[in-house]
Amino acid sequence: MGSQNIQLDQTGKLKHFLSIDGLSRDLITTILDHAETFTSVSERSSKKVPILRGKTVINLFFESSTRTRTTFELAAKRLSADVMNINLESSATKKGESLSDTLKTLEAMQADMFVVRHQDSGAAEFIARQVAQNISVINAGDGSHSHPTQAMLDMFTIRKHKKTFEQLRVAIVGDIAHSRVARSEIHALQILGVPEIRVVGPKTLIPTAIEKLGVRTFNSLERGIDKADVIIMLRLQQERMRSALLPSGREFFNTFGLTKEKLRLAKSDVIVMHPGPINRGVEIDSKVADSPASVILQQVTHGIAVRMAVMSLTMGASVT
Amino acid sequence: MGSQNIQLDQTGKLKHFLSIDGLSRDLITTILDHAETFTSVSERSSKKVPILRGKTVINLFFESSTRTRTTFELAAKRLSADVMNINLESSATKKGESLSDTLKTLEAMQADMFVVRHQDSGAAEFIARQVAQNISVINAGDGSHSHPTQAMLDMFTIRKHKKTFEQLRVAIVGDIAHSRVARSEIHALQILGVPEIRVVGPKTLIPTAIEKLGVRTFNSLERGIDKADVIIMLRLQQERMRSALLPSGREFFNTFGLTKEKLRLAKSDVIVMHPGPINRGVEIDSKVADSPASVILQQVTHGIAVRMAVMSLTMGASVT
Amino acid sequence: MGSQNIQLDQTGKLKHFLSIDGLSRDLITTILDHAETFTSVSERSSKKVPILRGKTVINLFFESSTRTRTTFELAAKRLSADVMNINLESSATKKGESLSDTLKTLEAMQADMFVVRHQDSGAAEFIARQVAQNISVINAGDGSHSHPTQAMLDMFTIRKHKKTFEQLRVAIVGDIAHSRVARSEIHALQILGVPEIRVVGPKTLIPTAIEKLGVRTFNSLERGIDKADVIIMLRLQQERMRSALLPSGREFFNTFGLTKEKLRLAKSDVIVMHPGPINRGVEIDSKVADSPASVILQQVTHGIAVRMAVMSLTMGASVT
């Protein structure tokens, strides 16, 4: 942390939210605590608070993702911000304008926040380094690099169910290699003090360098989830994988799909998570997805609260 | 009515708005009375009321319809709701997610209302049967089944001009077979006590079973609109008709197009209605569409008020 | 001016904003003064004022322009209006509905303002002549005819830097022939009393009739910008030009591209403007675009304020 971390301002407060890497345990805990206050907002009859009233939030999506865009748009609207959706696949870049000029133009319109989704790793940080000082940048997923709000909502969900992180065994299962979610989660779990983090998947989908992050790798689902407190299933990014690293969905399910039977190997109070959308019968059996152990839909609910927290904090808004 | 009608809650109040069929005369009258209060809202300088402030309305459009989406979006915004447009032709379903999972995910985001447009008959009810208890579903048109808010705005328009329903002769003209509007209108007119409902069109466009609904069929426009108080012209759903059931637009106009001359066969104070968008010179002559007898644009205005009423009532909001 | 100017109501107040042509110096100055009050709104922490609360603004875009649409949407939202974006390339017109019927339908939804972008010259005025009396129409660019809010934000920017217009030498450089911006600017500069307006470009891109407007034409950039106070570079509308009137971008840059060296021919306190998006290395060198003489991004900021002013004034809203 410190001055070299572009996410923080000079007083150490959150300015941008780009990646989990480099955040302190205190800061992550602060975000989780703030999110707690927002879960009650969404349970009210009127789910709106005036915290970002009069602020302009721009969803800058260089790759389309209805689900992620919807969660940020909802979070911003419940904070009373004005939201603009700009799909840059189809916009000014067509006219040959550079990204830098597009950003400067949006800044000149006095935007307050950019929520950035981009197919290239590092894009959100690249943008954060360029923007004017008053603008906050939130990373809504950049290439295979990072998806920090997803990691935060997962941490929020784990804390809800397990209270503390210090005793947990967490298994992350599936396509680790192409998952920005996995990378962000590993960082978050480590910062929060989880003693045992496992990554589980076929060799072709686990990067060899990942053990440097301090995780244990398993190429067997059965051994990987043995006595786990938390299982995080990843979505098989079929649309992201060009080459034939992967057997068919059915074959994958046979070896790495989570079934009721295999789930018995985990602790009896295990929770099963998934960033969604789920591929039923590919990475997860319907009986698991719809079982009491599954907290997948709670993750969605928590996602709104966590995004409201991150948006408020980066804007320096006081939450009461 | 009662517990088997999914549209009503246990106390008999409107919970979803899926079809006219099965609603009581009292309930339909309540909706019309509520809509009356909203017509004055839209005539004010500031057309906004805080009735649904803090509520999240999601327009779930499985087939695109700018006009219908616009009316619901406007109605929701004038009730101060937050509105999200989700076009499911192009969204998560692409990623292989099931409809059921998409709905559960949107529920988990604490949506309060789904406005559903779908190409399949029964889709809105299917969705209403699945969603969480706190969510209301509004049918914005499902296949050739039902378009109940259109029927309600038509009833509202008729009541405005004719005061009561008990003495009326109403002719519905055109492509009855493919019209969800026609089906909803027949139900509404019957519940409201209209003694004579006529359907008028070429044999190929009138389903043989329709007389079971208690209407009279006519294959001659002249005889069908004779002494009518109300003529409801249907849009020729050219884009919906695949086969060659239909002569060309010009031929249709010659036999079933409503002209000034033919209109003289109806009562002198007849009103002419059309759900829009109109095909001038196909089902209706411009001289009729733009004549004082035409209330087509009033229907559009009433459509906003009726949708505000339905949205408020299903959300249990008290309207004052 | 007077009753034949459709832009003004009977008391001489601004009703529509269609073109600069025909506006009085007083009225243009009033708009600039109003815009001044809105620049402070956008500098506040909460950039929202309730001036158009409860009003419905419809962005009617017959050709897509993310940048222009975004500025109007932002301006409307900061005035607290409800905004609907309707892309008429892909909408009801597909179903064969006439433009006139589409407009009448939107009117019947009690819209208060249409912001119109259209590929045909005169489209905004055509629409203004048709709409109901309570609706204001703003021209957001029609064919090669007019783009009056762009001209106004340019005037605002010039006034900010030069205080008065009476002593200025202004050079407009580039593709004059296809530029709606140029046409609107020439009118505005003349009405505001600029004594010397120059248009500069290759012969093929300067209409022969333009001198009738009272401007001087130059086919040499060097002579055209000599001792200029203000240089307005136009965007090379490559997508608008079908035929081969134009050399390549690089060739254009060699003769008409604005470089640091050439800029020295202008006055030492010259300001350089551009409507954006800029083509770096085609009409303008990066060193000029990013130099202190460049006020291009200020133009964007002023664009929001000017649009808020125009929207408020045409709606008869009192600005305080």
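Residue numbers (the numbering used here), protein chains in the order written: chain A, 1 to 320; chain B, 1001 to 1320; chain C, 2001 to 2320.
Positions of the beta carbon are idealized from the N, C-alpha and C atoms, including for glycine.
Query, Result
"Could you check how far apart the C-beta atoms of residue 116 of chain A and residue 138 of chain A are, in whole angstroms? I think they sit under 8 Å.", "7 Å"
"Report yes if the CB atom of residue 1085 of chain B is closer than 9 Å to the CB atom of residue 1061 of chain B, and no otherwise.", "yes"
"Hey, could you find the ends of the beta strand (DSSP E) residue 56 of chain A is sitting in?", "56-61"
"Closest by CA to residue 2267 of chain C, which one among C:2232, C:2289, C:2226 and C:2302?", "C:2226"
"Mind checking residue 275 of chain A: buried by the 16 CB within 10 Å criterion, or exposed?", "buried"
"Is the beta carbon of residue 2311 of chain C closer than 9 Å to that of residue 2109 of chain C?", "no"
"For residue 2359 of chain C, which three-state DSSP category applies?", "Outside the modelled stretch of chain C, which goes from 2001 to 2320, sits residue 2359 of chain C, for which no answer is possible."
"Who pairs with residue 2136 of chain C in a beta bridge, going by DSSP?", "C:2113"
"Near residue 2076 of chain C, which residues of its chain fall below 6 Å by C-beta distance, leaving aside the five closest residues on each side in sequence?", "2057 and 2083"
"Let me check one thing: in DSSP terms, what residues is residue 294 of chain A bridge-paired to?", "A:272"
"My guess is that residue 2258 of chain C and residue 2288 of chain C are in contact by the Cβ rule of under 8 Å, so how many angstroms apart are they, rounded?", "5 Å"
"Would you kindly work out how many angstroms separate the C-alpha atoms of residue 1197 of chain B and residue 1189 of chain B, rounded to a whole number?", "8 Å"
"Would you list, in chain order, the members of the segment 51-63 of chain A that have their beta-carbon closer than 8 Å to a beta-carbon of chain C?", "53, 54, 55 and 56"
"To test your reading of the DSSP string, which unbroken beta strand (DSSP E) runs of 3 or more residues are found completely within the segment 191-273 of chain A?", "196-200, 216-218, 230-233 and 271-273"
"Is DSSP giving residue 165 of chain A helix, strand or coil here?", "coil"
"Determine the extent of the alpha helix (DSSP H) in which residue 2175 of chain C is found, giving its start and end residues.", "First-last for residue 2175 of chain C: undefined, no H or E at that position."
"Does the Cβ-Cβ distance between residue 1296 of chain B and residue 1272 of chain B come in under 9 Å?", "yes"
"I'd like to check one pair, residue 1187 of chain B with residue 1020 of chain B: are the Cβ atoms closer than 9 Å?", "yes"
"Hey, could you find the ends of the beta strand (DSSP E) residue 2082 of chain C is sitting in?", "2082-2087"
"For residue 179 of chain A, collect the residues of the same chain with a Cβ closer than 6 Å to its Cβ; drop the 5 residues on either side in sequence, then sort them by chain order.", "234"
"Locate the alpha helix (DSSP H) running through residue 53 of chain A, then write down its first and last residues.", "Careful: residue 53 of chain A lies outside any alpha helix (DSSP H) and carries neither H nor E."
"Grouping DSSP H, G and I as helix and E and B as strand, with all else coil, what is residue 1093 of chain B?", "Here residue 1093 of chain B scores only 47 on pLDDT, less than 50, and its place in the model should not be relied on; the value that follows carries that caveat. Helix at residue 1093 of chain B."
"Going along chain B, which residues have a C-beta under 9 Å from residue 275 of chain A?", "The premise fails here: residue 275 of chain A is roughly 11 Å from chain B at the closest Cβ pair, so nothing lies under 9 Å."
"Near residue 2284 of chain C, which residues of its chain fall below 6 Å by C-beta distance, leaving aside the five closest residues on each side in sequence?", "2233, 2258 and 2278"
"Classify residue 1001 of chain B: buried if its beta carbon has 16 or more other beta carbons within 10 angstroms, exposed otherwise.", "For residue 1001 of chain B, the pLDDT reaches just 35, beneath the cut-off of 50, and the residue's location in the model is therefore unreliable, although a value from the coordinates is still provided. That one is exposed."
"Would you kindly report the start and end of the unbroken alpha helix (DSSP H) that includes residue 2023 of chain C?", "Careful: residue 2023 of chain C lies outside any alpha helix (DSSP H) and carries neither H nor E."
"What does residue 2073 of chain C touch in chain B if you count any residue whose Cβ is under 7 Å from its own?", "Neighbours of residue 2073 of chain C on chain B: none; closest Cβ ~14 Å, over 7 Å."
"In chain C, what lies closer than 8 Å to residue 1325 of chain B by C-beta?", "Since the first residue of chain B shown is 1001 and the last is 1320, residue 1325 of chain B is not available in this structure."
"In the DSSP assignment, find the unbroken alpha helix (DSSP H) run with residue 2287 of chain C in it and report its ends.", "2286-2289"
"According to DSSP, simplified to helix, strand and coil, what is residue 14 of chain A?", "strand"
"What residue does the alpha helix (DSSP H) around residue 77 of chain A start on, and which one ends it?", "66-78"
"Look up residue 1033 of chain B in the DSSP assignment and say whether it is helix, strand or coil.", "helix"
"Rounded to the nearest angstrom, what separates residue 1042 of chain B and residue 177 of chain A at their Cα positions?", "55 Å"
"Any residues in the segment 107-130 of chain A with a beta carbon nearer than 7 Å to a beta carbon of chain C? Which ones, in chain order?", "108, 109 and 110"
"Helix, strand or coil, according to DSSP, for residue 2180 of chain C in the structure here?", "helix"
"Is residue 2101 of chain C near residue 2120 of chain C, with beta carbons less than 9 Å apart?", "no"
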